[in-house]
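Take a look at the structure set out below.
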Amino acid sequence: MPRYPWSDGPEYVTQCPIRPGTKFSQRIVLSDEEGTLWWHAHSEWSRATVYGAIVIYPKKKNDYPFPKPHAEKLIILGEWWNSDVEEVLNEFMASGADPNVSDAFLINGQPGDLYPCSRSDTFKLTVEYGKTYLLRMVNAVMNNIMFFKIANHSVTVVGSDASYTKPIKSDYIAISPGQTIDFLLKANQKPSHYYMASRVYASTGKYDNTTTTAIVEYRGNYTPPASPLLPSFPVFNDTNASTNFTGQLRSLANKKYPIDVPLNVTTKLFFTLSINLIPCTNNSCDGSFNGRLSASVNNITFQLPRVDILQAYYRRIRGVYGTDFPNNPPFTFNYTQDLVPQDLWRPQNGTDVVVLDYNSTVELVFQGTNTVAGIDHPMHLHGYSFYVVGWGFGNFDKDKDPLNYNLVDPPLMETIAVPKNGWTAIRFKANNPGVWMMHCHFERHVKLGNGNGVHC
1 MPRYPWSDGP
11 EYVTQCPIRP
21 GTKFSQRIVL
31 SDEEGTLWWH
41 AHSEWSRATV
51 YGAIVIYPKK
61 KNDYPFPKPH
71 AEKLIILGEW
81 WNSDVEEVLN
91 EFMASGADPN
101 VSDAFLINGQ
111 PGDLYPCSRS
121 DTFKLTVEYG
131 KTYLLRMVNA
141 VMNNIMFFKI
151 ANHSVTVVGS
161 DASYTKPIKS
171 DYIAISPGQT
181 IDFLLKANQK
191 PSHYYMASRV
201 YASTGKYDNT
211 TTTAIVEYRG
221 NYTPPASPLL
231 PSFPVFNDTN
241 ASTNFTGQLR
251 SLANKKYPID
261 VPLNVTTKLF
271 FTLSINLIPC
281 TNNSCDGSFN
291 GRLSASVNNI
301 TFQLPRVDIL
311 QAYYRRIRGV
321 YGTDFPNNPP
331 FTFNYTQDLV
341 PQDLWRPQNG
351 TDVVVLDYNS
361 TVELVFQGTN
371 TVAGIDHPMH
381 LHGYSFYVVG
391 WGFGNFDKDK
401 DPLNYNLVDP
411 PLMETIAVPK
421 NGWTAIRFKA
431 NNPGVWMMHC
441 HFERHVKLGN
451 GNGVHC
């Protein structure tokens with residue numbers, strides 16, 4: 001959305017929510033993206049069902065940096081509760097504990113054959129032996145990174161977040177909420193029916209222990225199996241499987257698709273990402289240690305205002321937000337030690353933004369912490385794509401870790417999963433004026449306050 005934050009969408013950041021019975025015309029402004037993006041609601045938990053894909057084709061037809069595919073298909077991973085999702089949200093916020101997990105994951109709107117309700121409507125991808133298909137995947141799941149596999153087939157990843165990548169051959173995909181991945185599937189197996197399937201990666205906490213399926217169906221004369229072959233997955237908490245996949249992503253970084261990673265950093269930011277606990281009074285909530293779960297960046301739990309920040313900035317409305325969000329944590333401790341002292345678990349509330357000078361070059365290090373419980377954080381920054389120049393486990397070492405940055409072909413992303421009890425470094429140029437939200441794309445973390453505004 002270059003120079004156009006007014007249609008960016010997050011409630012009380014760039015606009016007020018669209019009221020029932022009223023209209024809002026969304027103006028979408030693209031820049032140099034090419035590939036797959038998506039759109040979704042950004043109010044309460046309405047994005048559980050209000051979303052869709054955006055496909056940006058090359059200027060010249062079929063001018064891909066890989067062989068022309070025979071056909072293209074969208075694969076959208078979703079999630080379903082057997083109840084009103086807003087009631088799930090209200091109960092979650094009232095309880096102080098984690099939300100109820102969903103009842104099913106979805107592929108293109110259907111849970112698949114392994115559930116009792118949708119066998120006849122299970123999504124089918126029909127392929128011809130020997131041909132290659134471009135599949136564009138969106139993870140619209142609310143609260144989980146997802147593993148995805150196709151039985152007996154490997155895939156070749158060629159893009160993520162509307163940016164091409166060097167080809168990566170893999171027998172599985174790990175994809176964060178809010179992320180898109182484009183990959184090639186070559187139909188090179190014995191003609192039959194094969195399951196494509198997805199299930200959760202969850203490093204901690206409660207999770208939906210179900211598998212959603214769709215069917216890859218070869219054309220031809222053969223007797224289909226009574227039950228298609230189901231792929232095997234990494235175990236649900238296999239952090240290495242998740243990070244190893246994401247860590248392979250690289251930009252093409254060639255003459256036709258050059259990179260522009262900032263080399264001379266003018267602004268350095270260090271943000272801790274934490275789960276927190278607020279004491280309850282009179283046993284009024286169900287969180288751990290008689291506390292209410294919260295989430296924070298640099299120990300500040302973001303509180304949404306009732307006047308959107310973009311409007312407050314342009315109309316010079318005072319008292320809506322502050323401009324002193326800290327560039328570093330308020331205090332230093334061993335962020336990833338096994339037992340973080342409980343006196344470090346409590347956050348502060350705030351409605352503050354980070355102010356960046358126009359055209360400044362920014363390095364932002366996200367540091368996961370082990371307060372209450374360490375967990376992955378898929379971080380998303382509105383208004384920008386960014387280069388992921390480094391990542392690792394444990395505490396970030398400002399002297400040693402930058403020596404191993406990838407400044408040659410780092411991936412250009414819009415959402416990146418910060419590993420459990422680890423760190424991730426990104427770089428971008430602050431050349432898109434506006435007010436932009438930065439947040440974890442786990443919806444429960446957003447509601448708990450894991451986010452803040454960036455104001456250029």
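Mapping of the sequence shown onto full-length UniProt numbering: position 398 corresponds to residue 398, and the numbering continues sequentially without gaps. Note that the Cβ used here is the ideal one computed from N, Cα and C, for glycine as well.
- Task: Please confirm if the segment 238 to 248 is in contact with the segment 298 to 318, defined as three or more CB-CB distances below 8 Å between the two stretches.
- Result: The segment 238 to 248 is not in contact with the segment 298 to 318.
- Query: Helix, strand or coil: how does DSSP classify N404 here?
  - Reply: Residue state, collapsed to three classes: helix.
- Sorry if obvious, but does the Cβ on I56 come closer than 6 Å to a heavy atom of the ligand FMN? Judged by which ligands are present, the structure shown has none, so any question about the ligand FMN falls away.
- Do the CB positions of T415 and H441 come within less than 7 Å of each other? yes
- Item | Straight-line Cα distance separating L106 from Y201 | Y201 and L106: Cα-Cα distance of roughly 15 Å.
- Message: What does the Cβ neighbour count give for G159, buried or exposed, with the cut at 16 atoms within 10 Å?
- Response: buried
- Task: If I'm right that P228 touches Y195 with Cβ under 8 Å, what's the distance once you round it to whole angstroms?
- Result: About 5 Å; that satisfies the 8 Å criterion.
- Item | When L407, L356 and Q367 are compared against L252, the one with the closest alpha-carbon | Among L407, L356 and Q367, the Cα nearest to that of L252 belongs to L407.
- Message: Judging by CA-CA distance, which residue of D208, Y57, G78 and A417 is the nearest neighbour of A214?
- Response: G78
- Message: Here's the rule I'm using: 16 or more other beta-carbon atoms within 10 Å means buried, otherwise exposed. How should I28 be labelled?
- Response: exposed
- Return the CA-CA distance between V454 and Y222, expressed in angstroms with no decimal places. The C-alpha of V454 lies about 57 Å from the C-alpha of Y222.
- Task: State the CB to CB distance for the pair G394 and T332, rounded to an integer number of angstroms; the pair is presumed to be in contact (CB under 8 Å).
- Result: No, G394 and T332 are not in contact; Cβ-Cβ is about 15 Å, not under 8 Å.
- Query: Hey, how far is the Cα of P433 from the Cα of N144?
  - Reply: Spanning the two alpha carbons is a distance of roughly 31 Å.
- Task: Could you pull out every unbroken beta strand (DSSP E) segment of at least 3 residues lying fully inside the segment 174 to 246, listed in chain order?
- Result: 180 to 186, 193 to 201 and 212 to 218
- What are the boundary residues of the alpha helix (DSSP H) that includes E443? It spans E443 to L448 - the alpha helix (DSSP H) in which E443 sits, taken as one unbroken run.
- Can you list the beta strand (DSSP E) stretches of 3 or more residues lying completely in the UniProt domain "Plastocyanin-like" (2 to 60), in chain order? 35 to 40 and 51 to 56
- Task: Using a threshold of 7 Å, state whether the C-beta atoms of L310 and V418 are closer than that.
- Result: no
- Item | V388 to A226 span [Cα, whole Å] | 45 Å
- Are the Cβ atoms of P111 and N139 separated by less than 7 Å? no
- From what residue to what residue does the beta strand (DSSP E) around S95 run? Per DSSP, S95 belongs to no beta strand (DSSP E); it is in the alpha helix (DSSP H), V85 to S95.
- Task: Could you pull out every unbroken alpha helix (DSSP H) segment of at least 4 residues lying fully inside the segment 335 to 408, listed in chain order?
- Result: none
- Item | 7 Å Cβ cutoff met for T272 and P305 | no
- Message: Taking the alpha carbon of P2 as the reference point, which residue from L30, N254, A151 and A97 has its own alpha carbon closest?
- Response: Looking only at L30, N254, A151 and A97, the smallest Cα-Cα distance to P2 is reached by L30.
- Item | DSSP-derived helix/strand/coil call for F289 | In the structure shown, F289 adopts helical secondary structure according to DSSP, grouped into three states.
- Beta-bridge partners of F302, as assigned by DSSP: G350
- Task: Quick one: residues in its chain with C-beta nearer than 8 Å to the C-beta of T165, no 5 flanking neighbours on either side, listed in chain order?
- Result: V157, V158, G159, L249, R250, S251, L252 and P411
- Message: Cutting at 8 Å between CB atoms, please list the residues of its own chain near D238, excluding the five before and the five after it.
- Response: Excluding sequence positions up to five before and after D238, its CB lies within less than 8 Å of the CB of Y201, all in the same chain and listed in chain order.
- Task: Would you check if the distance between the CB atom of K149 and the CB atom of Y172 is smaller than 7 Å?
- Result: Contact: yes.
- Item | Residue from S83, A174, K398 and I181 whose Cα sits closest to the Cα of T49 | S83
- With a Cβ-Cβ cutoff of 7 Å, do S242 and A187 count as a contact? no
- Task: With a threshold of 16 other CB atoms inside 10 Å of the CB of G322, please say whether the residue is buried or exposed.
- Result: exposed
- Who are the near neighbours of P99 in its chain, counting only those whose CB is closer than 8 Å to its CB and skipping five residues on each side? Excluding positions up to five away in sequence, the list reads V88, L89, E91, F92, N143 and R444.
- Item | Range covered by the alpha helix (DSSP H) that runs through Y164 | Premise fails: Y164 lies in the beta strand (DSSP E), S163 to S170, not in any alpha helix (DSSP H).
- Message: Tell me the rounded alpha-carbon separation between R136 and A312.
- Response: Cα to Cα, the separation comes out at about 38 Å.
- Please state if the CB of G287 and the CB of A97 are separated by a distance shorter than 7 Å. Yes, these two residues count as a Cβ contact at 7 Å.
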